[in-house]
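Below you'll find the structure, written out as structure tokens, and then a few comments.
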Amino acid sequence: MRSALKLLFIIAALLAGFFASDIIKLFSSETKSIDLSQYCVLSTTPCSQQNISMTLAQDKVHPLVANRLSVSWPDSDSEQLELRLQGVEMDMGTVKYVLKKAESGRFESDIILPVCTSDSMTWVGQLTDGKITVLPALRMER
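Just add 1199 to the spot in the sequence shown (first one is 1) and you have the working numbering.
Written as structure tokens, this is what we have:
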């Protein structure tokens, strides 16, 4: 009887440990709050942070549809930039892109975002050349 009880406690402890992060999120009152005023919301109109200008080929970003991101990054010695984006309203992981140098001080890449269940979603991220980081954001709609 005692060995069965010990086994039951071991199984319960393993399950609690496995689901600990989910349990903490469930009972946590902390919600993800992003201040979009710190971010440069991307569109066809150039948006600038720290003398770095970013534009999209189309104003609306749609899931699974390529949208060209162009970045003017003067005085960068880097051959590429790294962009990391995360969803605000829904956790869809982190998507990463590499922007290749098109010409001196200019970088480009096609951005293709995954499909989500909501009609619209905000993506925020960091764009860096390894020395300087700027904060782009984009709005995706179906």
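Using N, Cα and C, we set each Cβ at its ideal position, and we do this for glycine too.
> What number of angstroms, rounded off, separates the C-alpha of Phe1218 from the C-alpha of Met1291?
Replying inline: For the purposes of this step, residue 1218 is taken as the residue at position 19 of the sequence shown. For the purposes of this step, residue 1291 is taken as the residue at position 92 of the sequence shown. Cα to Cα, Phe1218 sits roughly 19 Å from Met1291.
> Can you give the Cα-Cα distance for Thr1230 and Arg1201, rounded to whole angstroms?
Replying inline: Mapped onto the sequence shown, residue 1230 falls at position 31. Mapped onto the sequence shown, residue 1201 falls at position 2. Because Thr1230 carries a pLDDT of 44, less than 50, the predicted location of this residue cannot be relied on, and no value is offered for it.
> Among all the DSSP beta bridges, which residues are the ones paired with Ile1251?
Replying inline: As a working mapping, residue 1251 is identified with position 52 in the sequence shown. Per DSSP, Gln1248.
> Is the number of C-beta pairs between the stretch 1276-1293 and the stretch 1203-1210 that are closer than 8 Å three or more?
Replying inline: no
> Helix, strand or coil for Lys1205 per DSSP?
Replying inline: As a first step, residue 1205 must be located in the sequence shown, where it is residue number 6. Lys1205 falls in the helix class under three-state DSSP.
>> Just list the residues that DSSP pairs Asp1309 with in beta bridges.
In response: Taking the first residue of the sequence shown as position 1, residue 1309 is located at position 110. According to DSSP, which records beta bridges pairwise, Asp1309 is partnered with Arg1267.
>> As a quick exercise: from Ile1251, Leu1326, Asp1258, Pro1273, pick the residue whose alpha carbon is nearest that of Arg1283.
In response: Taking the first residue of the sequence shown as position 1, residue 1283 is located at position 84. Looking at the Cα atoms, Leu1326 is the closest of the given residues.
>> Does Gly1304 come out as helix, strand or coil in the three-state DSSP assignment?
In response: As a working mapping, residue 1304 is identified with position 105 in the sequence shown. The answer is coil: DSSP assigns Gly1304 none of H, G, I, E or B.
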